[in-house]
Amino acid sequence: MKYLHLVYLAAFSWWGVSVVGVDMATRKIPNARIVFGFRLLLLALGLLAVNTLLGHYGHTTSYLNWNFYPMWAAHFFWSALAGVILWYTGIWPAGDAKFFMLCAAWLPVINPYVRNFPHYLFVGLLVNTFVAAALVALGSFLASGFYQASPADFFAELWKDVKARFASLSGEGARGGWRIAAYLANLTFLFLLQQVLNMETRYFLGRFLGRTDIIYFFLFFLWDKVGGAFSSKKWMYASTACYALYFFAGYFFFYDRLAAMLLAAFVNVFKFSLLLFFGRFMLEHLMEKKDTVYVGPRELEPGMILSAKAARTLKDNPLFEGAFDDHFKDGLSAEQVQLLKDWLGKLNVQDPKIETVKGRPFALWIFAGAALTLLLDRGLVTFFK
Numbered sequence: 248m249k250y251l252h253l254v255y256l257a258a259f260s261w262w263g264v265s266v267v268g269v270d271m272a273t274r275k276i277p278n279a280r281i282v283f284g285f286r287l288l289l290l291a292l293g294l295l296a297v298n299t300l301l302g303h304y305g306h307t308t309s310y311l312n313w314n315f316y317p318m319w320a321a322h323f324f325w326s327a328l329a330g331v332i333l334w335y336t337g338i339w340p341a342g343d344a345k346f347f348m349l350c351a352a353w354l355p356v357i358n359p360y361v362r363n364f365p366h367y368l369f370v371g372l373l374v375n376t377f378v379a380a381a382l383v384a385l386g387s388f389l390a391s392g393f394y395q396a397s398p399a400d401f402f403a404e405l406w407k408d409v410k411a412r413f414a415s416l417s418g419e420g421a422r423g424g425w426r427i428a429a430y431l432a433n434l435t436f437l438f439l440l441q442q443v444l445n446m447e448t449r450y451f452l453g454r455f456l457g458r459t460d461i462i463y464f465f466l467f468f469l470w471d472k473v474g475g476a477f478s479s480k481k482w483m484y485a486s487t488a489c490y491a492l493y494f495f496a497g498y499f500f501f502y503d504r505l506a507a508m509l510l511a512a513f514v515n516v517f518k519f520s521l522l523l524f525f526g527r528f529m530l531e532h533l534m535e536k537k538d539t540v541y542v543g544p545r546e547l548e549p550g551m552i553l554s555a556k557a558a559r560t561l562k563d564n565p566l567f568e569g570a571f572d573d574h575f576k577d578g579l580s581a582e583q584v585q586l587l588k589d590w591l592g593k594l595n596v597q598d599p600k601i602e603t604v605k606g607r608p609f610a611l612w613i614f615a616g617a618a619l620t621l622l623l624d625r626g627l628v629t630f631f632k
């Protein structure tokens, strides 16, 4: 059995390295590589099932019992859901999302006793993937900054970027203050509700609701789709009414935990706010800053990737009537390119351009995250606690 898993590790490594090599050379992951990796995975699972059958009839003493396969199916479901979310929210192109699903599916086949299997293994893989990529990107950015300018100028420019990014997210004046207050109130109530439901339904939903990191995951990656709700007046009014109900019910039913649960919710909002701002908004800004390319109407082609700033601007522009509401990292479609060419041609400016970014080969970091998950059998963040 041990040798079988070593063979699987070798097969996975060979396939993964080949995908990374193609992605770094072309910045695309061909479907043929994904299909081949899926076939290899099915073959590995089939051989494990045969070994389980032999063990069931006493022909071998080292085998996995039948419970492994529904557990693997549950893990694959969560991994596929995470991959679809990362594609739909524009974090990854479709090829990277498929590669992530397959890498995640391989992990318990290589090591059936890997930590957090089956329900939370995909979270550990995502953490290792993004933390490794973020550390290298941040290190590269800091190194290039120190090399090109004096430390004082570099940090002054970095602080200017932080302030500009924060201002663009919060807005200006009274409206910006309202958005921040609404965001804090609504998001705090979400984490407060999570604790109440976890306390009252711990035998039914507690295993899921008790994991704050799962809620962090969905909020972090779905923020472009759901973030607006946390600064809307309707949600603000609804959460205010719910706060009144919470304090009324808490006074009678859980008075001893009333303040503690509210404080825990504040702490969760603070941690998530830091994670969202620095782990997504600022990191996205810094990573795109190096790869930004400005193109005019003649240079625009299908497959080009808009920067996050350009995507937000076009999405908010009523002239496009929602044509850019769903913008994916797979690049612009032919219809979107034509809309942009027509729009740029009508602008009353000399040499109009749109902000795009070069494709970033992310398969390397997905594969590195999988390797770290197998090697360390834990999440990278545990080393920073």
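In case it helps, this note's numbering puts the sequence shown at residues 248 to 632. Ideal Cβ placement from N, Cα and C applies to all residues, glycine included. The structure displayed is predicted, hence computed values, not measured ones.
Return yes when the Cβ of residue j is within less than 7 Å of the Cβ of residue i, no when it is not.
| i | j | result |
| --- | --- | --- |
| L349 | G284 | yes |
| S326 | A296 | no |
| L294 | A258 | no |
| K588 | P549 | no |
| S653 | R426 | Not covered by the structure: residue 653. The range shown for the chain is 248 to 632. |
| N375 | G616 | yes |
| A557 | E602 | yes |
| P541 | K600 | The amino acid at residue 541 is misidentified as Pro; the sequence shows Tyr. Yes, the pair counts as a contact, with Cβ atoms nearer than the cut-off. |
Using the Cα positions of residue i and residue j, report the straight-line distance between them to the nearest angstrom.
| i | j | result |
| --- | --- | --- |
| F438 | L431 | 11 Å |
| T435 | P608 | 36 Å |
| G337 | G578 | 10 Å |
| G497 | W482 | 21 Å |
| V628 | I613 | Low confidence applies here, because V628 scores a pLDDT of 44, under 50, leaving its location unreliable; read the following figure in that light. The straight-line gap from Cα to Cα measures roughly 16 Å. |
| Y335 | Q583 | 17 Å |
| K480 | M271 | 46 Å |
| A344 | L621 | 20 Å |
| A511 | G268 | 45 Å |
| K605 | G592 | 23 Å |
| A279 | L611 | 18 Å |
| A476 | S580 | 28 Å |
| G420 | A507 | Confidence at G420 is low in this model, with a pLDDT of 49, below 50, so the placement of that residue is unreliable and no value is reported for it. |
| F499 | L509 | 16 Å |
| I552 | R504 | 49 Å |
| P317 | L300 | 15 Å |
| S387 | A380 | 11 Å |
| V596 | A390 | 37 Å |
| L311 | W470 | 40 Å |
| F494 | W406 | 40 Å |
| A488 | L328 | 33 Å |
| Y484 | L385 | 40 Å |
| W633 | T273 | As shown, the chain starts at 248 and ends at 632. That puts residue 633 outside it, with no answer to give. |
| L623 | D400 | 39 Å |
| I281 | H252 | 21 Å |
Count the other CB atoms, across all protein chains shown, that sit within 10 Å of the CB of residue i; report buried if there are 16 or more and exposed otherwise.
| i | result |
| --- | --- |
| H303 | exposed |
| A555 | buried |
| R362 | exposed |
| P277 | exposed |
| W261 | exposed |
| A491 | exposed |
| P340 | buried |
| Y250 | exposed |
| L521 | exposed |
| G305 | exposed |
On the premise that residue j lies in contact with residue i, defined as a C-beta separation below 8 Å, what is that separation, rounded to the nearest angstrom?
| i | j | result |
| --- | --- | --- |
| N298 | T307 | 6 Å |
| H322 | P359 | That pair is no contact at about 11 Å. |
| L333 | F468 | 6 Å |
| K275 | G330 | Their Cβ separation, rounded to whole angstroms, is 17 Å, which puts K275 and G330 out of contact at 8 Å. |
| Y255 | V356 | 6 Å |
| R354 | L373 | The amino acid at residue 354 is misidentified as Arg; the sequence shows Leu. About 12 Å; that fails the 8 Å criterion. |
| F464 | V378 | So it is not a contact: roughly 13 Å between Cβ atoms. |
| I462 | Q441 | 6 Å |
| F347 | V266 | With a Cβ gap of about 11 Å, F347 and V266 do not count as contacting. |
| F567 | L586 | 6 Å |
Can residue i be considered in contact with the ligand ZN, in the sense that its beta carbon sits closer than 6 Å to one or more heavy atoms?
| i | result |
| --- | --- |
| L301 | Inclusion of the ligand ZN in the displayed structure is not the case, the ligand content being empty and no account of it being possible. |
| How about the segment 506 to 526 and the segment 558 to 573: do they share at least three Cβ pairs that are nearer than 8 Å? | no
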